[in-house]
Structure formats: C-alpha cells, structure tokens
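Student:
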Amino acid sequence: MALSVNYTTTSDGCRLAWRRDGTAAGVPLLFCNSIGTSLELWDAQVIALQHDFDVIRFDTRGHGGSDAPDGDYNLTALARDAIQVLNAAGLDRANICGISLGGITAMRLALDFPHRVQRLVLGDTAARIGTSQSWEKRRRTVLTGGLAPIADVAMERFFSPEFRHHRPETVTRFRQALLDTSAAGYAGCCAALRDADLTLDVNRIEIPTLVIAGLRDVSTTPAQLRALAAAITGSQLAELDAAHLSNVERPEEFSRMVGSFFLRSAAH
C-alpha cells in the first residue's frame, strides 16, 4: 500500500522519514503521530482515505526511520519538522490531523504557520498533556532503562481492556514498535511534552477544527478534550468509545469523521 520512504533534512540536520500515499490530485492531508509510534499508526486511515486524499505521513523526530538526536526536543521544532515535510512534498497548504503528541504539535503548527493549514483535526490530545513532573520522570526512566520499563503501562493507556483482549496481535505490534524506538528520541519527545503548555494560546486558533475524544482515554481525558473544543472558537467535538489511540481502536469511525471534515476544505 505505502510507497517507498522519502527523506528530508531539517535546518538543524535531522533527517526525517516520510511517505506519500493516495492520489496526487486528492485533498492534501498530513498526519502527525503520538509519542512512541511510527507513521504506521495511520495505516487504517490511509486505506480508508487514499482515494480522496493526497496523504502525507512521517516519523516524528526520534522515532521510526527518522533521526534521533540526543538532548531535549521542543514543540516549536516538532512543528517546524512538519513544515519541512510539507515543503518536501511540495504542498503549500494541507489539512492536519494529529493524535496525542501529534495533536499538540498540530496546535503549535496552526499557531505558528496558520497560512499552511486548511483544517485541523485534534485527536486524543490537550493543550497541556500530563504534568512536567510525570514527563521528566518518564524521560529519566527511558534514558536509564530503555523503553521496556514503560511498555506495559503504555499499552494500557493506548488501548482499552476489551481491545487488548480481542486484538492482541495489534497490541503486540504497537508494543514492539515502542520497544524499537530510540531511547534518546523518546526521551527527547518527553522533554517536549514536559515543557509544552498551550493553555493560554489555543483560543487564538482560528482554523476550522474538529476535536475527537476517546471516552475511555485516561491520558487525555474526555473532559480535557471538551475543554479544548470550548477554547477553540467554532470547533466541533466528536467522541468515540476508545482509549488513547482512538484511530486504531475505532478506525472506521475515526476515518469517516476525518474524511468528512477534511473533504469540506475542497469546497473552499
């Protein structure tokens, strides 16, 4: 399904892996990933949307086939990485869909580069994800012991108990992807989340926005998603019976929501 991997290098020398799927004449769509995942996070969405969309996805700095520089990352750099991928794909503007870390990155992108964003879908995310203390603790844990110490807890947050029971092969695949992630890269993104707080900024987002909440998400709770939707003027709120990775747990519903919302951009 996916085409071969492309690479682009940022101004600070970080090589990013990205892929293009779908139809070149389709509506441009860029996906931004959760921490601890790769661009394969969106496989189900690519299958569902490839006939109508020009789909771009990439491995977040520190993950998958992208470089994993040592040291702390920050949200501004992650947003600029997304712009670098859009530039490499030859796209002036695109619809942006992000989950978790990808969601708050998409918010930063919409604030810093509003002229590059047509519409925005923010899934299972928040203006402030977790606490500085929790992310710093996780950063230190990963730098000391790798990803194994957090793998089981991460899967419990990613997926509901029922999904873990009925789809163990999917859980195993995501667990292995997490374990394969660079410790330095994951820790760098922990630092970005540790320092990221857009609570006082999201009300400046004026781009048409759809917020998707997982009703069983304990990482970014439904209450946080409702607050996010309330803070962004004119935004829409949708809810799915899922945990943190609602696009994986409820792929058909998620894809339908995203496709319907973004296809409206083609009419403008």
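Taking the numbering used here, I'd label the letters of the sequence shown as residues 2 to 269. All C-beta atoms in this analysis are idealised placements derived from N, C-alpha and C, irrespective of residue type, glycine included.
Classify L264 as helix, strand or coil using the three-state DSSP reduction.
Tutor: Three-state result, L264: helix.
Student: Taking the C-alpha atoms as reference points, what is the distance between P29 and V56?
Tutor: The straight-line gap from Cα to Cα measures roughly 6 Å.
Student: Could you check if D181 is buried or exposed, using at least 16 other CB atoms within 10 Å of its CB as the buried criterion?
Tutor: With fewer than 16 other Cβ atoms within 10 Å, it is exposed.
Student: Would you kindly report the start and end of the unbroken alpha helix (DSSP H) that includes P150?
Tutor: P150 -> alpha helix (DSSP H) spans 149-159.
Student: Return the first residue and the last residue of the beta strand (DSSP E) that T9 is part of.
Tutor: Counting along the chain, the beta strand (DSSP E) containing T9 begins and ends at 7-10.
Student: In this structure, how does DSSP classify A18 when only helix, strand and coil are distinguished?
Tutor: Residue state, collapsed to three classes: strand.
Student: Looking at C-beta atoms only, is the number of pairs between the stretch 50-70 and the stretch 28-42 that lie closer than 8 Å three or more?
Tutor: Yes: the two stretches touch, three or more of their Cβ pairs being nearer than 8 Å.
Student: Whole-angstrom Cβ separation of V212 and L238, contact assumed at under 8 Å?
Tutor: The pair is a contact, with the Cβ atoms about 5 Å apart (cut-off 8 Å).
Student: Starting from the C-beta of E240, find all residues in its chain whose C-beta is less than 7 Å away, skip the five residues before and the five after it, and write them out in chain order.
Tutor: Once the five neighbours on either side are set aside, the close Cβ partners of E240 are A214, L216, P223.
Student: Determine the direct distance from the alpha carbon of G147 to that of L17, and round the result to whole angstroms.
Tutor: Straight-line Cα distance between these residues: approximately 22 Å.
Student: For N96, which of helix, strand or coil comes out of DSSP?
Tutor: DSSP places N96 in strand when its eight states are reduced to three.
Student: Spatial neighbours of H52 within its chain, please: CB distance less than 8 Å, with the 5 preceding and 5 following residues excluded, ordered by chain position.
Tutor: Excluding sequence neighbours, H52 sits near G23, T24, G27.
Student: Between the stretch 136-154 and the stretch 104-120, can you find at least three pairs of beta-carbon atoms closer than 8 Å?
Tutor: As far as the Cβ criterion goes, the stretch 104-120 does not touch the stretch 136-154, which means the pair count is below three.
Student: So, under 8 Å CB-CB, N248 and I100 are touching, yes? Tell me the CB distance rounded to an integer number of Å.
Tutor: Sure, about 6 Å apart at Cβ, within 8 Å.
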